[in-house]
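Numbering (the working numbering), first residue to last: 1001 to 1459. Virtual Cβ for every residue (Gly too), placed ideally from N, Cα, C.
Rendered as structure tokens:
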């Protein structure tokens, strides 16, 4: 009880959120470096950049065979792991996090909906036709790594409530992006493969309900499900329902209940240590007796099983995602060319680029702020104390940093047009930079005003 009431206890209770933010803010610097390298490489030696990332290699065995370009391995393979972790985060937040109750979830959910709907409306207002019309999903995305990275630059001045709000908003935004990718950015489907994948997902769901926690089962069947999703298109690997969706669905089947309940944990640990201490000491102090080993094994089992598989995997993968997967994705996909190559009109910043940039900046800023205000006004949510609407507008602009997710959706929407894809990347870059600058300086100003605002006292 004393520990929970102490400052140390409060920090420990906040560890999952703080670790989540720390992982992604640490990775944002590496992500930025990878982006810079990709842009320089693509403009200094465009042919080398293009040929390297589109070089093909395959993996085959008696049961399966896959041959794809390196970019496809990253976007369909490594990014499936990224979306798997996103799925774990979504599940955790809805079960026991900031989205676990309507009162907690209503504000970021309303904000996320506004941050998706308004940018889409603004994009459609430009009246694009043909392939260009497929880019409507690009400005709806929020890059959690960069948005939290920019927020962290403001240090302790940012109230925890605003950090939680932005994190929860980005997670709901990710869920929206997953649904959009699944429903609108796939090709013609091989329903036989998807039916088999559905049966295997049902098997994992039953295993979850039975609280079977052997991760080898989830890993083995999860790989098969990913492969079936990868082959679900009639035009070859990656042409059907996108393989990253498999990552999210598999994540939802991972058990979230620990084998050792938290209320039993301390008692089991104390019992094991008491048993260990009560065992007569061996004459050779360098070697434990069998009884001591049994006691230690019990303690080790309790330590391992008090953490659910969901939390364990999420913790293990965060570093891999933020320090490897996302930088590699940026290196392979962020190579926007500022000098024209190949066919086309040679324009770099076009109407498409402007539409994406404008929709990211204005759409996210207006959508997140207005829908948050509506949620509070209608009584569905409560605004954090001593946080002004100007601060929310700053957070809204930070939500306009699309980058990773926006580039990913652009690569799906414009996979048939390298020229439009490059224009989309320019728009994403410009929009994300402008949104980040607007968000940072507006938050810096508004948070200072919030701190200066003193409560009115009356005698």
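CA nearest to the CA of residue i, picked from the options
i	options	result
residue 1247	1055, 1087, 1240, 1385	1087
residue 1240	1078, 1184, 1205	1184
residue 1194	1213, 1232, 1204	1232
residue 1050	1077, 1252, 1061, 1337	1337
residue 1384	1278, 1313, 1450, 1361	1450
residue 1058	1046, 1048, 1072	1072
residue 1161	1360, 1108, 1323, 1202	1108
residue 1124	1356, 1428, 1441	1356
residue 1257	1401, 1117, 1307	1307
residue 1146	1433, 1447, 1442, 1452	1433
residue 1354	1297, 1431, 1309, 1392	1431
residue 1213	1180, 1197, 1181, 1253	1253
residue 982	1245, 1223, 1219, 1190	Any answer about residue 982 is impossible in this case: the structure gives the chain only from 1001 up to 1459.
residue 1081	1320, 1171, 1192	1320
residue 1276	1296, 1315, 1259	1296
residue 1106	1199, 1219, 1164, 1144	1164
residue 1397	1144, 1448, 1191, 1237	1144
residue 1361	1428, 1208, 1102	1428
residue 1223	1076, 1048, 1399	1076
residue 1237	1069, 1316, 1052, 1259	1069
Distance between beta carbons of residue j and residue i, contact taken as under 8 Å
i	j	result
residue 1230	residue 1066	7 Å
residue 1280	residue 1211	Not confirmed; about 38 Å, so no contact.
residue 1379	residue 1150	Not quite, the Cβ-Cβ distance comes to about 31 Å (not below 8 Å), so this is no contact.
residue 1392	residue 1372	5 Å
residue 1204	residue 1218	6 Å
residue 1402	residue 1167	Wrong, their Cβ atoms sit about 17 Å apart, outside the cutoff.
residue 1200	residue 1221	5 Å
residue 1188	residue 1234	5 Å
Coil, strand or helix - residue i by DSSP
i	result
residue 1058	strand
residue 1288	coil
residue 1189	strand
residue 1098	coil
residue 1233	strand
residue 1399	coil
residue 1129	coil
residue 1007	In this prediction, residue 1007 has a pLDDT of 42, which is less than 50 and means its spatial position is unreliable; nothing more can be read from the coordinates.
residue 1416	coil
residue 1382	coil
residue 1432	helix
residue 1158	coil
residue 1248	helix
residue 1065	strand
residue 1316	helix
residue 1372	helix
residue 1091	helix
residue 1254	coil
Euclidean distance between Cα positions of residue i and residue j
i	j	result
residue 1263	residue 1096	16 Å
residue 1104	residue 1169	11 Å
residue 1250	residue 1074	19 Å
residue 1364	residue 1128	20 Å
residue 1043	residue 1156	39 Å
residue 1311	residue 1148	21 Å
residue 1131	residue 1352	11 Å
residue 1389	residue 1092	29 Å
residue 1322	residue 1331	13 Å
residue 1154	residue 1444	7 Å
residue 1226	residue 1243	6 Å
residue 1098	residue 1173	14 Å
residue 1442	residue 1175	27 Å
residue 1035	residue 1046	15 Å
residue 1094	residue 1100	4 Å
residue 1079	residue 1327	11 Å
residue 1439	residue 1110	19 Å
residue 1215	residue 1309	8 Å
residue 1033	residue 1334	11 Å
residue 1386	residue 1089	28 Å
residue 1179	residue 1339	35 Å
residue 1083	residue 1273	40 Å
residue 1114	residue 1122	12 Å
residue 1177	residue 1028	20 Å
residue 1152	residue 1381	25 Å
residue 1056	residue 1404	23 Å
residue 1265	residue 1030	38 Å
residue 1452	residue 1112	29 Å
residue 1133	residue 1261	51 Å
residue 1419	residue 1376	43 Å
residue 1448	residue 1369	19 Å
residue 1040	residue 1054	18 Å
Residue-level contact to chain B via CB, residue i, 8 Å cutoff
i	result
residue 1355	Any reference to chain B falls outside this structure, which holds one protein chain only.
*With contact counted as at least three CB pairs below 8 Å, one residue from each stretch, are the region 1268-1276 and the region 1299-1312 in contact?*
yes
*Contact the region 1135-1148 vs the region 1406-1413: 3+ CB pairs below 8 Å*: yes
*asked:* Can you confirm whether the region 1401-1410 touches the region 1423-1435 when touching is taken to mean that 3 or more C-beta pairs between the two stretches lie within less than 8 Å?
replied: yes
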